[in-house]
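Protein chains: 2
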Amino acid sequence: MESSDDFGWSRSERGGGMAATDEAANGLRAMIAKGELAPGQQLPAEPELCARLGVSRGSLREAVRSLAALGMLESRHGAGTFVSALRPGQMLAGFAATVDVLPLDGLLELFDVRRPLEAQAAALAAARADERVVARLREVQKRLARSEDEAERHALDREFHSTLCEASGNEALAALADVLRARGSHYSIYGAPEADTIRLASDLGHEALINAVAARDPAAAAAAATAHLSQTEVWLRRYAPLPDDGALPDVAPLPDDAPPPGGDPLPDGGPAR
Amino acid sequence: MESSDDFGWSRSERGGGMAATDEAANGLRAMIAKGELAPGQQLPAEPELCARLGVSRGSLREAVRSLAALGMLESRHGAGTFVSALRPGQMLAGFAATVDVLPLDGLLELFDVRRPLEAQAAALAAARADERVVARLREVQKRLARSEDEAERHALDREFHSTLCEASGNEALAALADVLRARGSHYSIYGAPEADTIRLASDLGHEALINAVAARDPAAAAAAATAHLSQTEVWLRRYAPLPDDGALPDVAPLPDDAPPPGGDPLPDGGPAR
DNA sequence: CCAGCCGAAGTCATCAGATGACTCCATGCT
DNA sequence: AGCATGGAGTCATCTGATGACTTCGGCTGG
Chain A
763 MESSDDFGWS
773 RSERGGGMAA
783 TDEAANGLRA
793 MIAKGELAPG
803 QQLPAEPELC
813 ARLGVSRGSL
823 REAVRSLAAL
833 GMLESRHGAG
843 TFVSALRPGQ
853 MLAGFAATVD
863 VLPLDGLLEL
873 FDVRRPLEAQ
883 AAALAAARAD
893 ERVVARLREV
903 QKRLARSEDE
913 AERHALDREF
923 HSTLCEASGN
933 EALAALADVL
943 RARGSHYSIY
953 GAPEADTIRL
963 ASDLGHEALI
973 NAVAARDPAA
983 AAAAATAHLS
993 QTEVWLRRYA
1003 PLPDDGALPD
1013 VAPLPDDAPP
1023 PGGDPLPDGG
1033 PAR
Chain B
763 MESSDDFGWS
773 RSERGGGMAA
783 TDEAANGLRA
793 MIAKGELAPG
803 QQLPAEPELC
813 ARLGVSRGSL
823 REAVRSLAAL
833 GMLESRHGAG
843 TFVSALRPGQ
853 MLAGFAATVD
863 VLPLDGLLEL
873 FDVRRPLEAQ
883 AAALAAARAD
893 ERVVARLREV
903 QKRLARSEDE
913 AERHALDREF
923 HSTLCEASGN
933 EALAALADVL
943 RARGSHYSIY
953 GAPEADTIRL
963 ASDLGHEALI
973 NAVAARDPAA
983 AAAAATAHLS
993 QTEVWLRRYA
1003 PLPDDGALPD
1013 VAPLPDDAPP
1023 PGGDPLPDGG
1033 PAR
C-alpha cells in the first residue's frame, strides 16, 4: 500500500545508519534553513510529515520536540506546529533552562562571559541611546534606591540591566546577557555584613552607568559596566555559598517497589576514570 | 476512557494543567539540579522512570529527547541514558545547530556579540598563556600564511582563533565563541578585489595577537582581537552577499549525511574542577 | 443586521503493546 | 591468557487507538 508513496525514496531508505529521529530532525532543519518553511509558518500535519520524512509518528514527534527545545519550532495543542520567529532570544530560551543545572565550577566561568557582554551592551546603548531610555533607567534606579524589600530590589536590579541591554538595540546580545544574569540572581548577597556598603556601591555603579549613557559616551559606559559587574562578582564569590534552590518542582516519590533513588542501579563506579 | 486509569493518582494528576511531557522534563531537570542524578550518571531504565514520573513511555522519551537536544542528557542505544558532563560546551552544541538557520538580519547582530567575547578570550589568554600556546599559535599562523588553498585557509583561521579562545582557560567562553564563529565561516570573502590586501591585513592581525599574548599583555591582546574582528566584519559586510548554503542536507533524496555529533560517546574526561 | 452559541473538522497529546537493534558482561572454550 | 559466544538489559522504532484542544463556519435569536 504505502498510500501515495510515489516518492522514489525507497531507495534512499535510511542513509548510512542514520537514526530515524535524527533523520527527521535534520530534514526539518533543512526545510527551515532552505526557506521552504518560513518563520511563523505552519508545518504540514504530522501524518504528512511522517510520509515525507519516512519515519513513524513517534519518531517525528521526538524530532519536533528536540527542535522545539532549541527554539526553532513551537507546537500548539489543537492548532498545529509552527516555525518560530527565529529570533535570537527564542533560541536562547531553552539554553536558559540549562543554565539552572550547571554545576558551580562551570558557573563561575560565566562571569567572564557576562561581563564583556554587558559592557558591550552598555557601549552600544550609550552610542544609540535616546531620551526615553535614559528616563526609564533613572526611574528604575530611583525606585531601586528607595526600595527596602530584598526581593523587589533583586527584580529592579534585573530590570535595570535588562533595560540597558535592550537599549543596545542588539536582541541577541540582550537575550544572552539575560540568560547569564538569570542564574546569578538566585543568589542573595544582602545577608553580608557589609550589606549597606554593597548597596551603596551598587547604586553608585548604576548612577555612573546612567550618566555615561546620558553623556553618549560608549567608552565610559563600557568601563562603568565592567567595574560594576566586577564588583558584584567579588561580592558574590565571597557571600554566596548556595542559591535558594527552590525553583524546580519535586518529583513524585514513586508509589511502591523499585529501589529508592538513593541507590542508583548503576554498576559503574561513578565519577569514573 | 483513559483505559484502566482507576489509580488514585487522579488527585496529583498533572500539577496545574501541566502536560505530561513537560511534567516529565521538569521532573528530570529537577532530579539533575537537585544532585539526585550526578553528571555522567546513568538514569534508571525507561519503564522505571515512567512509573516514577507518572507518564507513558512515549511522553518520557519526548522529554528525554528535548533535554538531550539541550545537552543535558545523552542516550546511547543499547547502553542507557546518561546525564551529560554538564560542561558549557555541551550545552551550547545544540545551540550551534540553530545558528545555522538564523535569518541574515539576526545574524549580523552576532558580530557585536562575538567581538567582545573574542577580545575577552584574548585578554585572558594573554594573562595566562604559557609557551606552548604561543608556539602553537605561531605554528598555525605560519601554515596559514603559507597556504594558498582557500578552504585550508578557512580551516586554519578557525583553528587559530579557536586555539586562542581555548587558551583563555574558560570553556564556556571558548565554546560560545566557536558557535558564533561557525556561521561566519560559511562566507567567502576571497573573491573580493582587494583579496591580497585583506589577506595581508588578516595575517598582520594574527601576528599582533600572537605578540600581545607572548608579551603577556591582556590589554594589547584585547585591542588586537577587537581590531582584527572589526576589520573582518567590515569586509564580510561588503563582500559576502550570500553564504554557500550547502551545509544542510536535502530533505527528499538524502542518501547520506555527515555524522552530526562527530564522535563523542560521552567522554567526561574528568571532573576537571 | 449583528452578536453569540454551537457543533464539526482538523490537529496535537497521550497512552498501550510489540518487535528489532545494540551494548555490555560473564561464561566457557581453546 | 585470549577469544568466541550467549544471555540479559536497554534503547529505537513502528503501529493503532483515543482524548483534548483550537479553529472556523453556520445557525439561531435578538
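For the protein sequence lines, the chains are A and B, in the order given.
FYI, the numbering for the first sequence is 763 to 1035, going by our numbering.
FYI, the numbering for the second sequence is 763 to 1035, going by our numbering.
Where a beta carbon is used, it is the ideal one built from N, C-alpha and C, also for glycine.
By the 10 Å Cβ neighbour count, where 16 or more other Cβ atoms means buried, how is residue i classified, buried or exposed?
i	result
aspartate 911 of chain A	exposed
glycine 868 of chain A	buried
glutamine 804 of chain A	exposed
aspartate 919 of chain B	buried
valine 845 of chain A	buried
serine 766 of chain B	Low per-residue confidence applies at serine 766 of chain B: pLDDT is 40, beneath 50, and the placement is therefore not dependable, though the value from the model is reported in the following sentence. It counts as exposed.
threonine 959 of chain A	exposed
valine 996 of chain A	exposed
alanine 965 of chain B	This sequence places aspartate at residue 965 of chain B; alanine is not what is there. With fewer than 16 Cβ atoms within 10 Å of its Cβ, aspartate 965 of chain B is classed as exposed.
alanine 983 of chain B	buried
glutamate 914 of chain B	exposed
histidine 923 of chain A	buried
Using CA coordinates, which residue listed in the options is at the minimum distance from residue i?
i	options	result
glutamate 808 of chain A	A:Leu799, A:Arg819, A:Ala891	A:Arg819
asparagine 788 of chain B	B:Leu829, B:Leu805, B:Ala813	B:Leu829
arginine 791 of chain B	A:Leu790, A:Ala859, A:Met853	A:Ala859
threonine 843 of chain B	B:Ser909, B:Arg827, B:Thr783, B:Gly851	B:Arg827
aspartate 862 of chain A	B:Ala831, B:His923, B:Leu906, B:Lys796	B:Lys796
leucine 886 of chain A	A:Glu933, A:Pro850, A:Arg898, A:Glu921	A:Glu933
aspartate 940 of chain B	B:Arg961, B:Pro955, B:Ala917	B:Ala917
alanine 989 of chain B	B:Pro878, B:Leu811, B:Leu870, B:Leu822	B:Pro878
glycine 967 of chain B	B:Leu899, B:Ala855, B:Leu854, B:Pro801	B:Leu899
glutamate 810 of chain A	A:Pro955, A:Gly833, A:Ala786, A:Arg894	A:Ala786
leucine 709 of chain A	A:Ala813, A:Arg894, A:Leu962	An answer regarding residue 709 of chain A cannot be provided, because it is not within the stretch 763 to 1035 covered by chain A.
proline 865 of chain A	B:Thr994, B:Ala881, B:Leu848	B:Leu848
aspartate 892 of chain B	B:Ala913, B:Leu926, B:Glu921, B:Arg908	B:Leu926
arginine 814 of chain B	B:Gly833, B:Pro801, B:Met793, B:Glu824	B:Met793
leucine 854 of chain B	B:Ser821, B:Val895, B:Glu914, B:Met834	B:Met834
phenylalanine 857 of chain A	B:Ala841, B:Ala984, B:Ala831	B:Ala831
alanine 782 of chain A	A:Leu799, A:Arg823, A:Glu798, A:Ile972	A:Arg823
alanine 937 of chain B	B:Ala987, B:Ser992, B:Gly851	B:Gly851
alanine 987 of chain B	B:Ser837, B:Arg876, B:Glu836, B:Leu942	B:Arg876
alanine 841 of chain B	B:Leu942, B:Pro806, B:Ala884	B:Pro806
proline 955 of chain A	A:Asp874, A:Val896, A:Tyr1001	A:Tyr1001
alanine 897 of chain B	B:Glu969, B:Ala985, B:Cys812	B:Glu969
arginine 978 of chain B	B:Val895, B:Ala888, B:Arg908, B:Ala929	B:Ala888
On the DSSP bridge assignment, give the partners of residue i in chain order.
i	result
arginine 838 of chain B	B:Gly842
glutamine 804 of chain B	B:Phe844
So, is the C-beta of residue i closer than 8 Å to a C-beta in chain A?
i	result
leucine 971 of chain B	no
glycine 1008 of chain B	In this predicted model, glycine 1008 of chain B has a pLDDT of only 44, less than 50, meaning its place in the structure is not dependable enough to derive any value.
alanine 989 of chain B	no
threonine 860 of chain B	yes
serine 828 of chain B	yes
arginine 838 of chain B	no
valine 875 of chain B	yes
glycine 820 of chain B	yes
alanine 831 of chain B	yes
glutamate 824 of chain B	yes
Flag residue i as yes if its beta-carbon sits less than 8 Å from any beta-carbon of chain B, otherwise no.
i	result
alanine 782 of chain A	no
leucine 872 of chain A	yes
valine 863 of chain A	yes
serine 910 of chain A	Note on residue identity: the sequence assigns glutamate, not serine, to residue 910 of chain A. With 8 Å as the cut-off, glutamate 910 of chain A does not count as an interface residue toward chain B.
proline 878 of chain A	yes
arginine 999 of chain A	no
glycine 868 of chain A	yes
arginine 961 of chain A	no
arginine 915 of chain A	no
arginine 791 of chain A	yes
Can you find a heavy atom of the ligand GDP that lies under 7 Å from the Cβ of residue i?
i	result
valine 861 of chain A	The ligand content of the structure shown is nil, which means the ligand GDP is not present either.
Determine which residues of the stretch 882-903 of chain A have a Cβ less than 8 Å from any Cβ of chain B, and write them out in chain order. Gln882, Leu886
Taking a Cβ distance cut-off of 7 Å, strictly less, list which residues of the stretch 976-987 of chain A are near chain B, in chain order. none
Just by C-beta distance, which residues in the stretch 795-808 of chain A are closer than 9 Å to chain B? Ala795, Lys796, Glu798, Pro801
Taking Cβ-Cβ distances below 8 Å as the criterion, which residues of the stretch 933-945 of chain B are in contact with chain A? Glu933, Ala934, Leu935, Leu938
Closer than 7 Å, Cβ to Cβ, to anything on chain B: give me those residues from the stretch 846-858 of chain A, in chain order. Leu848, Arg849, Pro850, Met853, Gly856, Phe857
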